[in-house]
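These protein sequence lines map, in sequence, to chains A and B. In terms of this note's numbering, the numbers along the first sequence are unbroken and rise by one, the last being 491. In terms of this note's numbering, the numbers along the second sequence are unbroken and rise by one, the last being 1491. The beta carbon of each residue, even a glycine, is placed where N, CA and C say it ideally should be. Everything numeric in this text was worked out from a predicted model, so none of it was measured. First up is the structure itself, then whatever we jot down about it.
Number of protein chains: 2
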Amino acid sequence: MTSETEEKALRYRRAQSVSKAEEITEQEKRVRKLQLDKPIHTPRDSLFSWSSEFNNFTGLVNWGFLMLSVGGVRLGLENFLKYGLRVNPFEWFIVLTGYNEGTSSQYPSFILIVFSIVPIVISLLIEKGIAVDFLPEKFGVGLQIFNMFFLVSLPVVVLNFKGNDFSFVGITSVCMLYLIIFLKLWSYTQTNFWCRSGLKKKYLDNKLRRQSLSAPNWNKLITAEHDQSKEDLINDSPAAAKLTKYPDNLNLKDLFYFMLAPTLCYELNYPRTDRIRKRFVIKRLLELIFGVNLVLALFQQWMIPTIINSVDTFAKMDPIRITERLLKLAVPNHLLWLCFFYLTFHSFLNLMAELLQFADRKFYGDWWNANNISTFWNSWNMPVHMWAVRHVYKPITGLGYTKFFAGIVVFAISALFHEYLVSVPLQMFRIWAFLGMMAQPPLAIISRHAEVRLGPRWGNIMVWSSLILGQPLAIMMYFHDYAMLHFKPVQ
Amino acid sequence: MTSETEEKALRYRRAQSVSKAEEITEQEKRVRKLQLDKPIHTPRDSLFSWSSEFNNFTGLVNWGFLMLSVGGVRLGLENFLKYGLRVNPFEWFIVLTGYNEGTSSQYPSFILIVFSIVPIVISLLIEKGIAVDFLPEKFGVGLQIFNMFFLVSLPVVVLNFKGNDFSFVGITSVCMLYLIIFLKLWSYTQTNFWCRSGLKKKYLDNKLRRQSLSAPNWNKLITAEHDQSKEDLINDSPAAAKLTKYPDNLNLKDLFYFMLAPTLCYELNYPRTDRIRKRFVIKRLLELIFGVNLVLALFQQWMIPTIINSVDTFAKMDPIRITERLLKLAVPNHLLWLCFFYLTFHSFLNLMAELLQFADRKFYGDWWNANNISTFWNSWNMPVHMWAVRHVYKPITGLGYTKFFAGIVVFAISALFHEYLVSVPLQMFRIWAFLGMMAQPPLAIISRHAEVRLGPRWGNIMVWSSLILGQPLAIMMYFHDYAMLHFKPVQ
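The structure is reproduced here in structure tokens:
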């Protein structure tokens, strides 16, 4: 008998609060063991009893993994038996290009994508105009804002007049691209503005210093000299000499590098890698090719039949059936979202970064461990998060507003953009996406409470639940409205 | 910037094997950070890149748990929508008692259960006969063996003549009970045999010692005295005085305590608790009442429709459809097995132990963490495991055979008993259960290899796979043969 077993037996007897007089002594135990009937029983607890204090259930992790796999394989087989093979890569080619739709041979989405170069170049020209004092600064910034809003309005206007020429996927891509360019131009304009303000301030400071030196004041002089050495470091050191300075950055090459770079935040000097790793590029490229095909195949084979099967259910508004449909949709939707996340934020952005020798690869944090919803939103999409912190949150708190207010503004802007990405392609102005995003700050507060009160595990479970169930709920809302509009149910 | 981020950035640059001359110095970094464009980018890796050395994916455990729950709730809803509510507790009453079957009002299973007292009492009488020298020992042991085989043959013979009078559940219960009594009587006979042999040896030793003392031999004398003090401790100490000794144990009360006790191993002095904890009893009782109803409900609602739906599939022998059915059956079957495990090995055996003040509660080990199949078999069913070690494995190795041979004998006996429990109630002598059990030693060797070569996690996954998939495979085999025999498919 090991000492561990003995210790457990001892604990067991303690748990039963046996009085000392009645307790079986070690000698008594030994005597019993030496009897002729070869005894093997010892007083000890079952592992599931609280008094056993046993808590090693690591094997259950593998159990969960296996049950998920068994369920997954069976679902796949059932789907195949029910619907046959629905995967058809050629169909995607038609959907993506708008070819074969019979209405237009002009590929309107493609034209809009190419046209996006125009507002980009206009933005550069305006900045150049301000820098060479051709345009007054305030007027120039006004022009920039006008240019940006012209950019995001363009798809809405074009769609209004030539809506039938667009495929759904085509117009979604256009909206996404225009939104990204909008965010990038915002950052470009604001960063150049910071540079100009900084230079002006430095000029004024220098002037002030020279004035104060003419009337000697030793304290000020020392501070000024200290500042001067720091200034020298920033402006005239060998390290500084390598850096691009405003307005030398205002050229096409620099702007197009920013447009292609996997970031929404404009900087004059990005951290760069010193070579392109070919193996890395090939790996990301293979991931993209294989992954995109997997996503498209899952979508055709799994998502579309499930959505189509739910039209009737939604028309009938039977709550049990709707819940069943929602849960049925939740699984493929969530898996597709996970694939999409990996392909976009790991494969695609890393590929672009490697090709452009862009060294900052933090495109996502470890959101899968997030213990509350704000942590999730701060880490799942780092380019947008960094943009929001640098260009919305910090400027607002810098003006003296509270952090809470700045956070709400960030969520409101984000909610508007989500609505833009959904409503414009669907040509159906509902507010489900906006409401979904605006539900996040209250949810964040609730999940923060869950984390503090029930422990981090429950916070994390809340984050995952909102991801797994929230998305298909929103999709169902839009699909319900879309189906009600386009295919009237048979009464 | 935290030191952790800096460290990561450093590691990143090392991973890219940047030469020292080109490396960006701390000063250069500082100078860049102080520029007017408020830079935020730093060289760092994506978390999924190997070079990031990130490996915290604890959140994915919660993800798995949630996906399982979502899948489970959806399956439940789908089942409810497809089959309606099938749970009917009254139906179970009919199945269990055989009432309402129209063939017999004699409850034949019940009569056989009551009759099991006869061989138990006979066994006691034979032991008593040997103890008082009424029966020669060898003849008495022969009678015991005959009595035990008469016991296990009884259900087979009775079923052969009055097969139609039994319900399937009734005859399964009878077989299970008779098998347990068989194992207990085996242990009873063998333990009493050990006691007799031990007493005889002691008697001979004492005689020998007295002879050796008459011819003085100091060394022997010291050893003998030492032995004598140990002997005194075992036989005459106050601790020993409390213990029951052979043949005082041969009485009805002692035998019936053993028959009811949650163990298959007979001992003259079991470790006992000093009181019955009422809260504990009530908890186990509630678990049993609630759990048994849950199991029966799941069986009616989930298992039976799935099995019935597979008759046609099995008749057609389409491998894809059979795999789909097998996986569909695997999930409820496995969950029912888990419930059955908990109810039997935790709730029921602990309840019996508490009521009988039986202190050894190790009815199961932590088989869920087992990293190979032999560990699983050694820990999931401790009463049978302890019986097999004490009454089969050790006696065989004690005779000088190898451990491997003893292990094979244990599995062969276990395989026979499994076959008995399945074939007799089904009245269909196939060898699937026997083969299933005999496949375990080779599987144990394979899983041991997997554990050593691929790591303990893969060993554990193999154990779970064989549990989740092996059982429904065996059920399907029997069901296929049973269906082929009883409902001929329409050609």
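Over what stretch of residues does the alpha helix (DSSP H) that includes B/R1279 continue unbroken?
-> The residue labelled residue 1279 of chain B in the question sits at position 279 within the second sequence. Segment 1278–1298, the alpha helix (DSSP H) holding B/R1279.
For B/Q1027, which residues in chain A fall below 7 Å Cβ to Cβ?
-> As a first step, residue 1027 of chain B must be located in the second sequence, where it is residue number 27. Going along chain A in sequence order, the residues near B/Q1027 (Cβ under 7 Å) are A239.
If we cut at 7 Å on Cβ distances, does B/W1063 have a partner in chain A?
-> As a first step, residue 1063 of chain B is located in the second sequence; it is residue number 63 there, counting from the start. Taking Cβ atoms only, chain A reaches closer than 7 Å to B/W1063, which makes this a yes.
B/Q1027 classed as buried or exposed, judged by whether at least 16 other C-beta atoms fall within 10 angstroms | Reading the second sequence from its first residue, position 27 is the one you call residue 1027 of chain B. Counting Cβ neighbours within 10 Å, B/Q1027 comes out exposed, since fewer than 16 surround it.
Identify the residues that DSSP records as bridge partners of B/F1150: which are they?
-> What you label residue 1150 of chain B is simply residue 150 of the second sequence in a count that begins at 1. Bridge partners of B/F1150: none, in fact.
Alpha carbon of A/M462 to alpha carbon of A/M484, nearest angstrom | Taking the first sequence and counting its residues from 1, the one referred to as residue 462 of chain A is at position 462. Taking the first sequence and counting its residues from 1, the one referred to as residue 484 of chain A is at position 484. Spanning the two alpha carbons is a distance of roughly 32 Å.
One or two residues paired with B/D1360 in a DSSP bridge = The residue given as residue 1360 of chain B occupies position 360 in the second sequence. Answer by DSSP bridge pairing, in chain order: A/R44.
Taking all protein chains shown into account, do 16 or more other C-beta atoms lie within 10 angstroms of the C-beta of A/H334, making it buried, or fewer, making it exposed?
-> On the first sequence, residue 334 of chain A is found 334 positions in, with the first residue counted as 1. When all chains shown are included, A/H334 counts as buried.
Closest residue to B/L1151 among B/N1160, B/F1115, B/E1127 (Cα-Cα distance) | Counting from one through the second sequence, the residue named residue 1151 of chain B turns up at place 151. It is B/F1115.
Note down, in chain order, all residues in the region 1356–1387 of chain B with a beta-carbon under 9 Å from any beta-carbon belonging to chain A.
-> F1358, A1359, D1360, R1361, K1362, F1363, Y1364, G1365, D1366, W1367, W1368, N1369, A1370, N1371, M1386
If you run the structure through DSSP and keep just helix, strand and coil, what is B/R1086?
-> Sequence index remark: in the second sequence, residue 1086 of chain B carries index 86 (1-based). Coil at B/R1086, not helix or strand.
A/H346 versus chain B: which residues are under 9 Å apart at the beta carbon?
-> Locating residue 346 of chain A in the first sequence gives position 346, where the first residue counts as 1. Ordered by position in chain B, the residues that pass the 9 Å Cβ test against A/H346 are S1046, L1047, F1048, S1049.
Distance, A/L185 Cα to A/S123 Cα = Along the first sequence, one-based indexing puts residue 123 of chain A at 123. Along the first sequence, one-based indexing puts residue 185 of chain A at 185. The alpha-carbon atoms of A/S123 and A/L185 are separated by roughly 7 Å.
Would you call the region 258–271 of chain A and the region 1030–1044 of chain B in contact, with 3 or more CB pairs under 8 Å?
-> yes
Could you confirm whether any beta carbon from chain B is found closer than 7 Å to the beta carbon of A/H449?
-> Counted from its first residue, the first sequence places residue 449 of chain A at position 449. It does not; no Cβ of chain B falls within 7 Å.
Close-in-space but distant-in-sequence residues of the same chain around B/V1087 (CB under 6 Å, 5 per side omitted) = Position 87 of the second sequence holds residue 1087 of chain B. Counting only Cβ-Cβ distances below 6 Å, and skipping sequence neighbours, we find A1297, Q1300, Q1301.
Evaluate contact between the region 278–292 of chain A and the region 363–371 of chain A, counting only Cβ atoms and requiring at least three cross-stretch pairs below 8 Å.
-> no
Element boundaries [alpha helix (DSSP H), containing B/W1377] | Within the second sequence, residue 1377 of chain B is the residue found at index 377, counting from 1. Here the alpha helix (DSSP H) through B/W1377 covers 1373–1379.
Can you give the Cα-Cα distance for A/P119 and A/M148, rounded to whole angstroms?
-> As a working mapping, residue 119 of chain A is identified with position 119 in the first sequence. As a working mapping, residue 148 of chain A is identified with position 148 in the first sequence. One C-alpha to the other measures close to 8 Å.
Cα separation between A/S310 and A/R325?
-> Counting from one through the first sequence, the residue named residue 310 of chain A turns up at place 310. Counting from one through the first sequence, the residue named residue 325 of chain A turns up at place 325. If I take the Cα positions, the gap works out to 6 Å.
Is any beta-carbon of chain A found at less than 7 Å from that of B/L1255?
-> Locating residue 1255 of chain B in the second sequence gives position 255, where the first residue counts as 1. No, B/L1255 lies away from the interface with chain A (no Cβ there is under 7 Å from its Cβ).
Does the distance from the CB of A/C339 to the CB of A/V392 come in under 7 Å?
-> Numbered from its first residue, the first sequence carries residue 339 of chain A at position 339. Numbered from its first residue, the first sequence carries residue 392 of chain A at position 392. No, they are not a contact pair.
Give the DSSP bridge partners of A/R272, in chain order.
-> What you label residue 272 of chain A is simply residue 272 of the first sequence in a count that begins at 1. BP columns for A/R272 point to A/F358.
Can you check whether the CB of A/N371 is closer than 7 Å to the CB of A/P425?
-> As a working note, residue 425 of chain A is residue 425 in the first sequence. As a working note, residue 371 of chain A is residue 371 in the first sequence. No, these two residues do not count as a Cβ contact at 7 Å.
Skipping 5 residues on each side, what residues in its chain have a beta carbon closer than 7 Å to that of B/C1195?
-> On the second sequence, position 195 is the one that residue 1195 of chain B refers to. Same-chain partners within the cutoff: Y1246.
Three or more C-beta pairs below 8 Å linking the region 1413–1433 of chain B and the region 1165–1175 of chain B = yes
Touching or not, the region 375–382 of chain A and the region 164–172 of chain A, by the rule of three or more beta carbon pairs under 8 Å?
-> no
For A/T306 versus B/D1360, is the C-beta distance shorter than 7 Å?
-> Numbered from 1 along the first sequence, position 306 holds the residue referred to as residue 306 of chain A. Numbered from 1 along the second sequence, position 360 holds the residue referred to as residue 1360 of chain B. No, Cβ-Cβ distance for A/T306 and B/D1360 is not below 7 Å.
Same chain, Cβ closer than 8 Å to A/M428, neighbours up to 5 away in sequence not counted | In the first sequence, residue 428 of chain A corresponds to position 428, counting from 1. Only Y478, D481, Y482, L485 meet the Cβ criterion.
Identify which residue in B/I1475, B/V1141, B/R1032 has its Cα closest to the Cα of B/I1304.
-> Position 304 of the second sequence holds residue 1304 of chain B. With distances taken between Cα atoms, B/I1304 lies closest to B/I1475.
Mind the definition here: the region 1406–1416 of chain B touches the region 1431–1446 of chain B only if three or more C-beta pairs lie below 8 Å; say whether that holds.
-> yes
For A/Y107, does the three-state DSSP call read helix, strand or coil?
-> Taking the first residue of the first sequence as 1, we reach residue 107 of chain A at position 107. Three-state result, A/Y107: coil.
Can you find a C-beta in chain B that's less than 7 Å from the C-beta of A/D37?
-> Within the first sequence, numbered from 1, the residue matching residue 37 of chain A stands at position 37. With 7 Å as the cut-off, A/D37 counts as an interface residue toward chain B.
Which same chain residues, not among the five before or five after B/V1156, have their C-beta less than 8 Å away from its C-beta?
-> On the second sequence, residue 1156 of chain B is found 156 positions in, with the first residue counted as 1. V1424, listed in sequence order.
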